[in-house]
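Trainee: Have a look at the structure that comes next, please.
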Amino acid sequence: MADMDCLPTGSATDCVFLADVAKFPASVPGPSRNAGRIMTQTTAKKAAGWLGEVSGAVADFGTFLPLVIGVLAVRGFDGTGVLTGFGLFALAVALVYRRPIPIQPMKAVAALIIVGAVTPAEAMASGLIIGGVLVVLAVTGIITRIARLVPGSVIMGVQLGVGAQLALLGFQHMWDEPLFGGAALALLLLLFLTPYRHLGSLVVVVTAAAAFLMTGGGGFAVTGPGLHLPALSFPTIADFQAALTTTALPQLALTLSNAVLATSAIAAEYFPDDARERTSPRRLALSTGVLNVVLAPFGALPMCHGSGGLIAQYRFGARTWVAPALFGLFCLALGIGFGPQARDVLMLVPVGAVGAILAVAGSEMAVSRKILGVKPSCRAVIVLTGVVCVGVNMAAGLVVGLAAEALRSAYYRRRGETSGT
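Read in order, the letters of the sequence shown are residues 0 to 420 in numbering that gives the first Met the number 0.
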């Protein structure tokens with residue numbers, strides 16, 4: 000069992016609850032006087048909830064758009080298979096989890112595709128290999144045993160690293176398009192002063208796309224929707240051999256640390272009632288594995304869940320299955336309706352604008368007050384884990400964090416034995 004002495008002893012939830020209780024009136028007026036007002040407030044909350052789901056659905060575009068647009072620029076990768084795969088994956092996630100569990104391209108594979116190091120057939124083989132391994136880890140229960148060995152300090156360090164990576168990626172996108180990035184950040188900061196702060200990503204994406212079109216749209220030209228269906232194909236033995244060493248093994252370590260363990264930990268924080276069953280590491284590994292194995296032969300990219308995407312979606316209002324369902328329908332409509340032209344449609348959203356969304360969500364996650372509630376020795380493990388996650392990658396951060404926590408625990412056990420003699 001993982002050492003849990005680094006976890007905070009208190010919870011911010013208690014403070015929020017007490018603050019809310021303090022706002023309640025001493026006596027509750029009768030229903031006849033306030034029935035209309037209560038009904039109006041309920042309707043407003045429902046409307047805000049739906050808008051929050053829409054806002055959350057587009058909050059992860061900062062990760063999704065650059066990678067997918069980059070992949071679709073490579074010869075042989077078709078928007079029909081890629082976006083239909085994302086759409087079906089997201090709809091399945093909405094049905095299975097009933098929560099805003101995100102869907103992202105596997106970053107190591109996507110990066111190698113963009114630089115021309117991986118062919119479409121090798122990408123397909125990567126999805127099948129990684130998916131098959133994840134299914135085995137989930138079915139045998141190995142992933143559950145791995146998760147139990149990861150202590151709270153390391154999980155918090157990974158969360159710190161994820162938040163910092165998200166923020167840095169956002170600032171990078173803003174630097175690439177400073178006009179859209181700066182304007183989007185200013186708009187988000189203005190919205191923070193209003194009751195509609197959780198709708199920031201929706202407002203930014205719609206406003207930025209409209210501004211992009213009004214300023215010329217970069218030569219945007221789409222002939223109109225049609226009917227495009229993905230084709231079925233399978234990789235060769237040579238493709239599997241190339242994928243195993245080039246993409247599958249490096250990506251698998253990242254997927255286990257970020258898409259399974261970190262996503263499960265953050266989901267448990269946001270939705271504690273779901274932690275044991277609905278968003279367990281075993282279930283996340285199983286869904287990722289099965290869906291990759293099923294969708295890869297139809298041209299889908301290797302896909303996974305992502306802790307950064309969960310942070311962004313939750314920060315901007317997503318709470319239920321609606322957000323991934325909306326994202327899935329959007330991708331499905333693009334893939335089937337526009338096929339090869341889907342990349343042109345995606346390029347309507349300036350990357351600098353969605354970078355501001357990522358920068359805000361990531362910064363809030365990285366600068367967490369939870370770190371102040373743990374022991375000073377645990378803070379060192381948390382910070383070290385986070386720094387390695389940012390400086391190297393998530394898998395390396397996990398390994399270094401486990402080693403640091405083992406040394407910390409051994410030191411304090413030894414000191415306790417010595418002081419007792």
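Note that CB positions come from ideal geometry on N, CA and C, so glycine has one too.
Quick check on the DSSP output: what are the complete beta strand (DSSP E) runs of length 3 or more inside the stretch 344-417, in order along the chain?
Mentor: With a minimum length of 3 residues, no continuous beta strand (DSSP E) run stays inside the stretch 344-417.
Trainee: Could you tell me if Pro150 is buried or exposed, where buried requires 16 or more neighbouring beta carbons within 10 angstroms of its beta carbon?
Mentor: Flag for Pro150 reads buried.
Trainee: Should the stretch 129-146 be regarded as contacting the stretch 324-343, the criterion being three or more beta carbon pairs within less than 8 Å?
Mentor: no
Trainee: Does Cys377 pass the burial test, meaning 16 or more other C-beta atoms within 10 Å, or should it be called exposed?
Mentor: buried
Trainee: Work out the CA separation of Ala237 and Ser125 for me, nearest whole Å.
Mentor: 12 Å
Trainee: Just how far apart, CA to CA, sit Gly390 and Pro224?
Mentor: 43 Å
Trainee: Just how far apart, CA to CA, sit Gly298 and His227?
Mentor: 13 Å
Trainee: Please return the same chain residues whose Cβ sits closer than 8 Å to the Cβ of Val73, not counting the five positions on each side in sequence.
Mentor: Ile112, Ile113, Gly115
Trainee: For Thr278, does the count of other Cβ atoms within 10 angstroms reach 16, so buried, or fall short, so exposed?
Mentor: buried
Trainee: When DSSP labels each residue in this structure, what does Pro339 get in the three-state scheme?
Mentor: Note: Pro339 maps to helix in three-state DSSP.
Trainee: Counting only the same chain and skipping the five closest in sequence on each side, list residues whose C-beta sits under 6 Å from that of Met123.
Mentor: Pro234, Ala295
Trainee: DSSP state of Pro119, grouped into three classes?
Mentor: Assigned with DSSP and collapsed to three states, Pro119 falls in helix.
Trainee: Please list, in chain order, all residues of the same chain as Pro280 whose beta carbon is under 7 Å from its beta carbon, the five residues on each side excluded.
Mentor: Listed in chain order, the non-local C-beta contacts of Pro280 below 7 Å within the same chain comprise Ile142, Thr143, Ala146, Val259, Leu260, Ser263, local neighbours out to five positions each way being set aside.
Trainee: Return yes when the Cβ of Gly361 is within less than 9 Å of the Cβ of Ala166, no when it is not.
Mentor: yes
Trainee: Is the stretch 312-322 touching the stretch 86-100 in the sense that three or more CB pairs, one from each, lie closer than 8 Å?
Mentor: yes
Trainee: Identify every residue that forms a DSSP beta bridge with Gln164.
Mentor: Answer is none; Gln164 lacks a bridge partner.
Trainee: Measure the CB-CB distance between Val387 and Val399 and report whether it falls below 9 Å.
Mentor: Going by beta carbons, Val387 and Val399 fall inside the 9 Å limit.
Trainee: So Asp59 packs on Gly308, CB below 8 Å; how close in whole Å?
Mentor: Rounded to whole angstroms, the Cβ separation of Asp59 and Gly308 is 4 Å, and the two are in contact under 8 Å.
Trainee: Does the stretch 265-272 touch the stretch 186-204, meaning 3 or more C-beta pairs lie closer than 8 Å?
Mentor: Contact between the stretch 186-204 and the stretch 265-272 is not established, with fewer than three Cβ pairs separated by less than 8 Å.
Trainee: Rounded to the nearest angstrom, what separates Ala409 and Arg314 at their Cα positions?
Mentor: 37 Å
Trainee: Pull up the distance between the alpha-carbon of Asp175 and that of Ile68, whole angstroms please.
Mentor: 15 Å
Trainee: Just to confirm before moving on: does the CB-CB distance between Glu302 and Phe76 stay below 9 Å?
Mentor: Before going on, a small fix: residue 302 reads as Met here, not Glu. No, the pair does not count as a contact, with Cβ atoms beyond the cut-off.
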